[in-house]
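Note that the protein sequences, when read in sequence, are chains A and B. Residues in the first sequence are numbered from 1032 upward in steps of one, following this note's numbering. Residues in the second sequence are numbered from 201 upward in steps of one, following this note's numbering. The beta carbon of each residue, even a glycine, is placed where N, CA and C say it ideally should be. Notes to accompany the following structure.
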Amino acid sequence: MGGCARKADVPPGLLRLAWSSDPASLDPAQAVDVVGGAVVALLYEGLVSIDKDGKVVPSLAQSWDIDSAGTTYTFVLDPRAQASDGTKLGAAEVARSWQRLLDPKNPSPRAWVLEAIDGASAYTRGEAAQISGLSVVSADTLQVRLARPRASFLGLLAMPNAAVLAASQDVSGSVCTGPWVVVEHVASSHLKLRRNPHWHGNAPGFEEIQVRILPEEFTRVAEFEVGHLDLLEIPASQAKRFREDPRYSARIQRQVALVTEYIGLNNEQPVLSDPRVRRALNHAVHVQRIMDTILEGRGVRSAGAIPPAIAGGRETGAYEYNPEKAKALLAEAKVPADWKLEIWQRPSPIVSQVLEAVQADLKAVGVNAEILQRDWGALKASIDRGDTPAFYINWYADYPDPENFLVPLFHSANIGGGGNRARFHDAQVDSMLDALEAERDLDARGTLAAAIDARIHDAAPWIYLWHPLQEVVTSERVQGYRPHPVASCERWIDIAPAGATAR
Amino acid sequence: MSGWILRRFLATIPVLLGVTLVSFVLTYLLPGDPARAMAGERYREEDLDRIRHELGLDRPVPEQYARYMGRVLTGDFGVSYATQRPVAEELLERFPRTFLLACAALLIAIAIGIPLGTIAAARAGGAIDRFATLFALLGVSLPVFWTAMLFVYCFAIQLRWFPPSGFIDTSPAAIVLPAFTLGLRSAAVLARMTRASLLETLGQDFMRTARAKGVSAPNVLLRHGLRASLVPIVTLAGLDFGSYLSGSVFTESIFAWPGVGQYALHAILRRDFPAIQATVLFLAVVFVMVNFLVDVAYGALDPRIRLRKEDAA
Chain A
1032 MGGCARKADV PPGLLRLAWS SDPASLDPAQ AVDVVGGAVV ALLYEGLVSI DKDGKVVPSL
1092 AQSWDIDSAG TTYTFVLDPR AQASDGTKLG AAEVARSWQR LLDPKNPSPR AWVLEAIDGA
1152 SAYTRGEAAQ ISGLSVVSAD TLQVRLARPR ASFLGLLAMP NAAVLAASQD VSGSVCTGPW
1212 VVVEHVASSH LKLRRNPHWH GNAPGFEEIQ VRILPEEFTR VAEFEVGHLD LLEIPASQAK
1272 RFREDPRYSA RIQRQVALVT EYIGLNNEQP VLSDPRVRRA LNHAVHVQRI MDTILEGRGV
1332 RSAGAIPPAI AGGRETGAYE YNPEKAKALL AEAKVPADWK LEIWQRPSPI VSQVLEAVQA
1392 DLKAVGVNAE ILQRDWGALK ASIDRGDTPA FYINWYADYP DPENFLVPLF HSANIGGGGN
1452 RARFHDAQVD SMLDALEAER DLDARGTLAA AIDARIHDAA PWIYLWHPLQ EVVTSERVQG
1512 YRPHPVASCE RWIDIAPAGA TAR
Chain B
201 MSGWILRRFL ATIPVLLGVT LVSFVLTYLL PGDPARAMAG ERYREEDLDR IRHELGLDRP
261 VPEQYARYMG RVLTGDFGVS YATQRPVAEE LLERFPRTFL LACAALLIAI AIGIPLGTIA
321 AARAGGAIDR FATLFALLGV SLPVFWTAML FVYCFAIQLR WFPPSGFIDT SPAAIVLPAF
381 TLGLRSAAVL ARMTRASLLE TLGQDFMRTA RAKGVSAPNV LLRHGLRASL VPIVTLAGLD
441 FGSYLSGSVF TESIFAWPGV GQYALHAILR RDFPAIQATV LFLAVVFVMV NFLVDVAYGA
501 LDPRIRLRKE DAA
């Protein structure tokens, strides 16, 4: 009754999505999580963006030139670019937006995104009146000088935090620079967006987007099934049912996400500081069986931190399941008989199932593991302080570059909140990572990244698990959907109403 | 009577002061850290110190409490760490939604619970009585999230009568399932309470007198019996209403109803101290007020209570 009536009323130009949480803010400087990044990608334009093949592509910048030293970037902006209020969007607006991110009076927690720019840190600390490495050459030309070469710089610029605001510096969503403008935002309920008529890119296929905030997985599935949503990321608990249902099976899109799931081990704690113990734990856990059973096959076994789709990602070489070898390593490391491993997790039924299987595997080699559940805030604080012996966690790519998986996760400068939560420390890896930052040749970067990842893998700072396979089902109302490898770069511009002519 | 009401009202002030202190201390005892929550997944340690300084979290806790109380007494409940919006504004935006859901749930509870309990008492031992007992048992023992999922499956996915979730502005029918989920549980408890209370009343002397005077059976039951049995029923309904108003976290989350319960949950998960403290204080005020009104209602329902209170005064 109600459901059918509603379905018929849906305008064909409306795309209906659901997110699990509400963006706390629409301000690029405050986008510190996946949802925050996702909304910023819709509303604001960056100099560059990431396409669905994971490549850096022009956005506000039509083209760019990098000097031979790899430190000076000259961006030529699209002269047609305008904000949704019709005002000019040029180099001056880029400079102002970046100054805002680095503002010494109110710096963003994401100021580090631009720290590679020469003079950025001095400006944030209030030691300089200007960002020395940033110069507006002309209305549509911007020159950026880095303190030292940084091959991942363009990737960093694709992050939502580096987005460009209109001249008015509006962050309420009413004046936007990206493909969409906010029409209505009812906190914790929904967000309505309309095409930005002044956007310089090709007009998106849909005219409007409605994003509903549905915190519960169960509710999202129900809303999709009654036809109130056009897209659903299928939860693991429902994977089999959707695959076997003829109404949905043909409309499921799959991709290996640029995500690494792992059990971090605190490399500074007694017992765990011994690499033999950490290797033993990797040999003890039958990861493939967990993937086949609990995950219903939705994952690719990790042989390193870098997902296989990114340069340097390894497809082979994962730790083999070998409980005998694990026992021998533990004996060699003289692990005390009463040693107990605490593994912390956030509340999640699927993670609980995984960790129960891990616990059983560890028990089989004589390691007693205890699983502790804490909410994300408490868990993160404890991990970042270095108080947690082991923890189930994941890492989502900010941009598809091996640097994004290696430097934050393993460089000793990033121990704690910087991303190196396993507190891994290896001077050789640090210097190899510094070399990776300076290497600009793509092939050489891939080779170097693979070597670094292999070296770290051998030291086993984590129990390596998998790169998850995402499954997304669409309604019959849409066509042309392909999942984006980086969630915070999805802009919903190439998906179109079913039956619309391809553009 | 008015003197008693005034004294009853003044007695709520120390309760509310106690609530501010306890909620403040408990927030600080929570494991986790608002600065880390604000900084996100990847941050520099120096950013944490800066954020803590900006929020005043680096000052001694007693000083923070004194500042907080100073602001609260002038009606300033602070700004949410997460959204940077005034907390009072956010709460007032959500409260009407929770109030609406609470009223709908209470209506359902009363409309089902009291008649069912009354009939069960009147026909004690009969088929309706047995049905009422079974209904009450089910209503009390089924967890709210389970009832919610069952309702969504039956009435939204299978029968398509109502939307599975949503908020009344976008789809008015969206209130039906959450209201029934909340209300049925109270209906079950109310039915049991009504039955027990009414059975006790029916055995009393004044009921026999009423019947002896020739008052018709339905009149005896409803005008004399039910009214005299209402005190425990009103207490129970009042307490339930108070708890609905403080937001039903499960129901609001499953049905994506953007009310106070969801707000409180997000505030806790994000370690949004001003939002947690203001929500607790606000809900305490609501709860105290509902209890106060229930107390006043006793007097209206039962002259004996009114007289006793006046004697005591």
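Using a Cβ-Cβ cut-off of less than 8 Å, list which residues of the stretch 210–243 of chain B approach chain A; keep chain order.
Leu230, Pro231, Gly232, Asp233, Arg236, Ala237, Met238, Ala239, Gly240, Glu241, Arg242 and Tyr243
Three-state secondary structure assigned by DSSP to Lys1119 of chain A
In this structure, Lys1119 of chain A counts as strand in the three-state DSSP scheme.
Does DSSP put Gly1408 of chain A in a helix, in a strand, or in coil?
helix
With 8 Å as the C-beta to C-beta threshold (strictly closer), list the residues of the stretch 422–454 of chain B near chain A in chain order.
Ser453 and Ile454
Could you name the residues of the same chain whose beta carbon sits closer than 8 Å to that of Ile1244 of chain A, not counting the 5 residues immediately before and after it, in chain order?
Close CB contacts of Ile1244 of chain A within its chain, under the 8 Å cut and outside five residues either way in sequence, are with Ala1049, Trp1050, Ser1051, Ser1052, Asp1053, Ser1219, Ser1220, His1221 and Leu1222 (chain order).
Using DSSP with H/G/I as helix, E/B as strand and the rest coil, what is Ser223 of chain B?
helix
For Gln1284 of chain A, write down the residues that DSSP places opposite it in a beta bridge.
A:Val1503
Classification of Glu1536 of chain A by the beta-carbon crowding that lies within 10 angstroms, buried from 16 upward:
It is not possible to answer for residue 1536 of chain A, since the shown part of chain A is limited to 1032 through 1534.
Give a yes or no on whether 9 Å exceeds the smallest Cβ distance from Phe1455 of chain A to chain B.
no
Could you give the distance in angstroms between the alpha-carbon of Ser1462 of chain A and the alpha-carbon of Glu1502 of chain A?
38 Å
Measuring straight from C-alpha to C-alpha, what distance separates Arg294 of chain B and Ser1099 of chain A?
57 Å
With 9 Å as the threshold, decide whether the Cβ of Gln1061 of chain A is near any Cβ in chain B.
yes
Distance, Arg385 of chain B Cα to Gly1085 of chain A Cα
Going from the Cα of Gly1085 of chain A to the Cα of Arg385 of chain B covers about 51 Å.
Where does Ala1170 of chain A sit, in a helix, a strand or coil, going by DSSP?
coil
Could you tell me which chain B residues have their CB closer than 9 Å to the CB of Lys1411 of chain A, listed as they occur along the chain?
Gly232, Asp233, Arg236, Ala237 and Glu241
Listed by chain order, chain A residues near Ile357 of chain B by CB distance under 8 Å:
Ala1253, Glu1256 and Val1257
Contacts of Asp284 of chain B in chain A (Cβ-Cβ under 7 Å):
The displayed chain sequence assigns Gln, not Asp, to residue 284 of chain B. Under the 7 Å cutoff, chain A gives Ser1056.
Tell me the residue span of the alpha helix (DSSP H) that contains Arg1332 of chain A.
Element bounds for Arg1332 of chain A: not the alpha helix (DSSP H) but the beta strand (DSSP E), Gly1330 to Arg1332.
Ala456 of chain B CB to nearest chain A CB: under 9 Å?
Taking Cβ atoms only, chain A reaches closer than 9 Å to Ala456 of chain B, which makes this a yes.
Using a Cβ-Cβ cut-off of less than 8 Å, list which residues of the stretch 1195–1219 of chain A approach chain B; keep chain order.
Here the close residues are Val1217, Ala1218 and Ser1219.
Could I get the ranges of all uninterrupted beta strand (DSSP E) runs contained in the stretch 419–496 of chain B, with 3 residues as the minimum, in chain order?
Taking only runs of at least 3 residues, no beta strand (DSSP E) segment lies wholly in the stretch 419–496 of chain B.
Three or more C-beta pairs below 8 Å linking the stretch 420–429 of chain B and the stretch 451–460 of chain B:
no
Which residue marks the beginning of the beta strand (DSSP E) containing His1216 of chain A, and which one marks its end?
Trp1211 to Val1217
Between the stretch 1066–1086 of chain A and the stretch 1182–1192 of chain A, do at least 3 Cβ pairs fall closer than 8 Å?
Pairwise C-beta distances place the stretch 1066–1086 of chain A in contact with the stretch 1182–1192 of chain A, as three or more of them are shorter than 8 Å.
Within 9 Å, strictly: CB atoms of Val1396 of chain A and Leu1496 of chain A
no
Chain-ordered neighbours of Pro1246 of chain A on chain B, where CB pairs are closer than 8 Å
Ser453, Ala456 and Gln462
Kindly give me the distance between the Cβ atoms of Ala1421 of chain A and Ile1374 of chain A, rounded to whole angstroms, as I take these residues to be in contact under 8 Å.
At roughly 4 Å, the Cβ-Cβ gap stays under 8 Å, so Ala1421 of chain A and Ile1374 of chain A are in contact.
For Tyr281 of chain B and Leu307 of chain B, which I take to be in contact (beta-carbon distance under 8 Å), what is that distance rounded to the nearest angstrom?
Contact between Tyr281 of chain B and Leu307 of chain B is ruled out by a C-beta separation of about 37 Å, above the 8 Å threshold.
4-residue-minimum alpha helix (DSSP H) runs that sit fully inside the stretch 1412–1483 of chain A, ordered along the chain:
1433–1441 and 1458–1469
Local conformation of Ala1527 of chain A per DSSP, three classes:
Ala1527 of chain A: strand per DSSP, three-state reduction.
Is the CB-CB distance between Gln1175 of chain A and Tyr1104 of chain A below 9 Å?
In the sequence under discussion, the amino acid at residue 1175 of chain A is Val, which differs from the Gln named in the question. It is a contact, given that the beta carbons lie within the stated cut-off.
Roughly how many whole angstroms lie between the Cα atoms of Ala1518 of chain A and Val1065 of chain A?
If I take the Cα positions, the gap works out to 7 Å.
Using three-state DSSP, classify Pro1089 of chain A as helix, strand or coil.
strand
Can you name the residues that DSSP bridges to Val1175 of chain A?
A:Tyr1104 and A:Leu1165
Counting beta carbon pairs with one atom in the stretch 319–331 of chain B and one in the stretch 389–409 of chain B, are three or more of them shorter than 8 Å?
yes
DSSP three-state call for Asn1353 of chain A: helix, strand or coil?
coil
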